[in-house]
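Residue numbering for the sequence shown follows the numbering used here, beginning at 5 and increasing consecutively.
In this text, a Cβ means the ideal position worked out from N, Cα and C, and glycines have one as well.
All figures in this text were calculated on a predicted structure; none of them were measured in a lab.
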Amino acid sequence: MADEFDVVVIGAGPTGENVVDRAVRGGLTAAIVEERLAGGECSYWACVPSKALLRPVDLAGEVARVPGLELAPIDVAAVLARRDEAVGHFDDSGQVGWIESVPAEFVRGRGRLDGPRRVRVTLADGGERMLTAHQAVVVATGSTPAVPPVPGLTEANAWTSHEVTATSVVPERLVVLGGGVVACEMAQAMHGLGTRQTTMLVRGDGLLSRMEPFAGELLAQSFADAGIAVRTGTQVSRVERPEPGGKVTVHLPEGPVLEADELLVATGRRPAVRDVGLGTVGLPDNVPIEVDDSMRATGVSGGWLYAVGDVNGRALLTHMGKYQARVCGDVIAARARGEEPPALRDLADGYGAPQVVFTDPQICAVGRTEAVARADGFRVRVVDYDMGAVTGAYLMGDGYRGRARAVVDEDRKVLLGVTFAGPGTAELLHSATIAVTAEVPLDRLWHAVPSFPTASEVWLRLLETYGL
């Protein structure tokens with residue numbers, strides 16, 4: 005097998021796969037190295053399985069809000085079986101086949117930089133290969149769950165996103181550390197699938213602290229209605245699990261002790277930069293890889309190293325990593341042809357990544373929050389509207405609760421950010437993403453007529469509230 009390629013990618017998750025695809029389209033040869041499963045975190049332990057677990061819970065909420073429908077108990081075994089099908093029963097042969105069809109060479113093993121343009125691979129069978137890249141090496145190793153330094157936490161073998169999305173058993177009692185996206189989604193998924201007692205321990209003042217405050221407040225109310233306990237301003241002093249697989253005891257500084265069958269740690273993620281060999285090319289291995297807007301690593305002579313996705317710390321979201329990968333692959337191919345790519349490359353990161361939290365209610369946002377927009381120096385006006393007052397939303401079910409917010413740049417009369425919170429709002433997000441990233445003037449948005457009766461009529465109501 006040849007060990008020289010135009011491009012070598014370390015990490016075969018969605019970002020790495022997209023780099024290879026675009027580079028080969030540009031006429032280059034490529035190899036991609038993966039230690040675990042081709043398809044990466046998103047396909048097996050994050051986006052795909054978590055949404056497979058959340059979908060029936062979401063549907064149950066929808067049915068419960070519509071008179072005339074009877075809600076049957078969720079068949080947990082069937083849900084878990086569909087989750088297993090969604091992740092291909094942890095068989096990546098289909099993903100490997102796709103990579104090879106690009107065509108690119110798939111190398112199973114741990115890849116590490118070994119000086120400029122070289123990747124040393126420790127193969128699954130214990131052997132080694134040294135891959136050389138004529139044009140570029142791309143690091144696409146993603147991120148790993150961050151585990152806080154709480155005494156006893158490591159020894160307790162607590163769940164992370166890996167274990168909770170792959171579980172074959174729904175625990176009777178669950179304690180969740182964290183109040184971010186993974187914590188909220190998985191707390192609701194497990195509770196909806198049968199966890200009898202779910203307690204969230206949140207260090208901050210509320211849920212989803214990086215989004216508009218009302219989003220976390222609406223979700224907290226929904227959790228309270230469902231019986232999920234949320235304790236804010238809470239830290240954990242120590243954790244005990246004397247017997248492997250036995251009960252977990254969580255000690256809080258103020259005195260109470262919580263006992264659970266499982267403990268989920270969902271306190272964030274950190275870029276997977278350790279043990280990638282960054283030190284061999286003069287980069288630190290404890291911080292994200294800094295890149296320019298072409299995804300080329302700064303501080304590395306020769307301009308041959310690139311980093312895409314979570315590992316560069318720009319936006320830890322699969323769809324943003326894939327976007328960066330498309331930019332990266334196209335740039336590498338253009339430079340290989342002796343062309344300098346167009347000046348406008350990565351634009352989306354600067355506008356603010358779109359994101360959906362697949363809870364009930366769904367929370368989705370793109371662009372800047374009000375607080376971030378003001379901190380960035382914009383002169384803003386905030387427009388809010390009650391989603392429940394929109395006819396299309398009301399028709400989705402009794403007791404519909406939701407809210408929409410538009411953050412307007414008053415100088416340019418364009419949207420800086422949009423947030424929707426409410427059942428079924430996720431499909432509204434892409435229209436907001438287009439409006440924000442294209443900087444569509446409000447007086448043009450006025451002529452984008454929403455269909456009646458749909459929840460998208462909230463766009464008209466936001467513009468009317470603004471004064472158009």
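Which partner residues does residue i have in the DSSP bridge list?
{"i": "TYR398", "result": "DSSP lists no partner for TYR398."}
{"i": "MET391", "result": "Answer by DSSP bridge pairing: none, since MET391 is not bridged."}
{"i": "PHE9", "result": "ALA137"}
{"i": "PHE424", "result": "CYS368, ALA408"}
{"i": "PHE110", "result": "ILE36"}
{"i": "ASP413", "result": "VAL384, VAL418"}
{"i": "PRO149", "result": "ARG273"}
{"i": "GLN201", "result": "ARG177"}
{"i": "HIS451", "result": "According to DSSP, which records beta bridges pairwise, HIS451 is partnered with nothing at all."}
{"i": "HIS255", "result": "ARG242, VAL261"}
{"i": "TYR310", "result": "VAL142, ARG300"}
{"i": "GLU132", "result": "THR126"}
{"i": "ILE103", "result": "Paired residue(s): none; ILE103 is not in a bridge."}
{"i": "GLU294", "result": "In DSSP, GLU294 forms no bridge with anything."}
{"i": "VAL360", "result": "CYS368"}
{"i": "GLU266", "result": "LEU178"}
With DSSP collapsed to three states, give me the class of residue i.
{"i": "TYR404", "result": "coil"}
{"i": "ALA162", "result": "coil"}
{"i": "VAL384", "result": "strand"}
{"i": "ARG349", "result": "coil"}
{"i": "GLY303", "result": "coil"}
{"i": "GLN225", "result": "helix"}
{"i": "THR169", "result": "helix"}
{"i": "ALA233", "result": "strand"}
{"i": "THR271", "result": "coil"}
{"i": "PRO120", "result": "coil"}
{"i": "LEU127", "result": "strand"}
{"i": "VAL186", "result": "helix"}
{"i": "GLY115", "result": "strand"}
{"i": "ILE477", "result": "Any property of residue 477 remains undetermined from this structure, which presents the chain solely from 5 to 472."}
{"i": "ILE3", "result": "In the structure as shown, the chain starts at 5 and stops at 472, and residue 3 therefore has no counterpart that could be examined."}
{"i": "GLU216", "result": "coil"}
{"i": "GLU21", "result": "helix"}
{"i": "ARG278", "result": "coil"}
Does the separation of the CB atoms of residue i and residue j fall below 8 Å?
{"i": "LEU321", "j": "CYS368", "result": "no"}
{"i": "VAL384", "j": "ALA377", "result": "yes"}
{"i": "VAL28", "j": "VAL141", "result": "no"}
{"i": "ALA128", "j": "VAL13", "result": "no"}
{"i": "VAL111", "j": "ARG133", "result": "yes"}
{"i": "THR271", "j": "ILE232", "result": "no"}
{"i": "ALA347", "j": "ARG26", "result": "no"}
{"i": "VAL254", "j": "VAL243", "result": "yes"}
{"i": "GLN192", "j": "LEU58", "result": "yes"}
{"i": "VAL11", "j": "VAL151", "result": "no"}
{"i": "GLY406", "j": "GLY426", "result": "yes"}
{"i": "GLY392", "j": "GLU461", "result": "no"}
{"i": "VAL37", "j": "VAL123", "result": "yes"}
{"i": "ASP350", "j": "MET400", "result": "no"}
{"i": "GLU176", "j": "THR158", "result": "no"}
{"i": "GLY15", "j": "GLY43", "result": "no"}
{"i": "THR437", "j": "PRO358", "result": "yes"}
{"i": "VAL91", "j": "PRO60", "result": "no"}
{"i": "GLY146", "j": "GLY333", "result": "no"}
{"i": "THR373", "j": "MET194", "result": "no"}
{"i": "ALA108", "j": "ALA35", "result": "yes"}
With 8 Å set as the bound, which would you pick, yes or no: does the beta-carbon of residue i sit closer than that to a beta-carbon of chain C?
{"i": "VAL185", "result": "Within the model displayed, chain C is absent; a lone protein chain is all it includes."}
On a Cα-Cα basis, can you pick out the residue from the options that is closest to residue i?
{"i": "GLY342", "options": "SER147, GLY31, VAL261", "result": "GLY31"}
{"i": "PRO275", "options": "GLU266, GLU263, VAL269, VAL291", "result": "VAL291"}
{"i": "PRO217", "options": "GLY184, ALA191, THR395", "result": "GLY184"}
{"i": "PRO120", "options": "CYS51, ASP229, ALA34, TRP308", "result": "TRP308"}
{"i": "GLY281", "options": "MET400, SER241, GLY115, HIS195", "result": "GLY115"}
{"i": "VAL411", "options": "ASP402, ALA439, GLY401, SER54", "result": "ALA439"}
{"i": "PRO155", "options": "CYS332, SER241, ARG416, GLU247", "result": "SER241"}
{"i": "TYR355", "options": "VAL70, ALA442, VAL315, ARG86", "result": "ALA442"}
{"i": "GLY237", "options": "SER435, LEU205, GLY146, ALA137", "result": "LEU205"}
{"i": "PRO257", "options": "GLN239, LEU267, GLU266", "result": "GLN239"}
{"i": "ALA219", "options": "THR429, LEU449, ALA68, LEU467", "result": "THR429"}
{"i": "ASN22", "options": "GLY250, TRP102, LYS251", "result": "TRP102"}
{"i": "HIS138", "options": "TYR327, ARG278, LEU467, ASP7", "result": "ASP7"}
{"i": "ASP229", "options": "GLY65, THR126, TYR48, ARG40", "result": "GLY65"}
{"i": "ASP530", "options": "TRP463, THR363, ALA452", "result": "Residue numbering for the chain in the displayed model covers 5 to 472; residue 530 lies beyond these limits and cannot be assessed."}
{"i": "LEU223", "options": "VAL453, PHE424, HIS166, ARG245", "result": "PHE424"}
I think residue i touches residue j, with their Cβ atoms under 8 Å apart; what is that distance to the nearest whole Å?
{"i": "PRO445", "j": "VAL418", "result": "6 Å"}
{"i": "SER226", "j": "PRO77", "result": "Not confirmed; about 20 Å, so no contact."}
{"i": "ALA319", "j": "ASP353", "result": "6 Å"}
{"i": "VAL361", "j": "GLU189", "result": "7 Å"}
{"i": "LEU178", "j": "ALA264", "result": "6 Å"}
{"i": "ARG465", "j": "TYR389", "result": "5 Å"}
Kindly examine the ligand ZN and report whether one of its heavy atoms sits closer than 7 Å to the Cβ of residue i.
{"i": "LEU178", "result": "With respect to the ligand ZN, the structure offers nothing, as it holds no ligand at all."}
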